[in-house]
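When the letters of the sequence shown are read in order and numbered with mature numbering (1 follows the signal peptide of the UniProt record, and there is no 0), they come out as residues -24 to -1, 1 to 125.
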Amino acid sequence: MHLRNASGKLVPIAAVTMMAMALAACTSSTSLITSRTQGYQISDSAQAQIRTGQSQELVQLVLGSPQSTNTFGDESAWYYVETKVRQTAFGLTMNDSRTVLVVYFDKNKKVADKAVYGLQDGKTVAIESRRTPSYGEDRSFVDSILSSF
């Protein structure tokens, strides 16, 4: 298939396609990558306001509701997680950093301690791919019906 230009000469479609691709390649490569923050945005000023002996209510007022909590015996902890990710135009997502602010409370619901953890503090956990067999998984449909009589 050919196109005619203003002077009447034929221009192959392939040449037009190649020019369009070349012009598209001139865009900035940084526009293909977007960065964003997921979760709670942990600010240094908010962290500095949390001190030992403060109440849970005050911590919630300063930091907001925690993303996760746990309780072990009389003590508890609140977790605030911030993850910075980059996503390419092709859908690949890469974690740039992860920060976890943990506020520990004593049995009186007062701040006992706080800690900040990053990716370097984490551990890689292997996911187990084995499955636990369930009853009836190895029987056929007919066997299931006949065994009910």
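Here a beta-carbon is modelled for each residue, glycine too, at the ideal position from N, C-alpha and C. Just so we're clear, the structure is a prediction, and the values are computed from it rather than from any experiment.
Across the set Gln63, Val79, Tyr80 and Val78, the C-alpha of Gln63 shows the shortest separation from the C-alpha of Asp72.
Among the bridge pairs identified by DSSP, Ala91 is matched with Val78. Between the region 36 to 43 and the region 85 to 94 there are fewer than three inter-stretch CB-CB distances shorter than 8 Å, so the stretches are not counted as touching. Bounds of any alpha helix (DSSP H) do not take in Phe66, whose DSSP letter is neither H nor E. When secondary structure is reduced to three states using DSSP, Glu33 falls in the helix class. Between Tyr56 and Tyr93, the gap from beta carbon to beta carbon reaches 8 Å or more.
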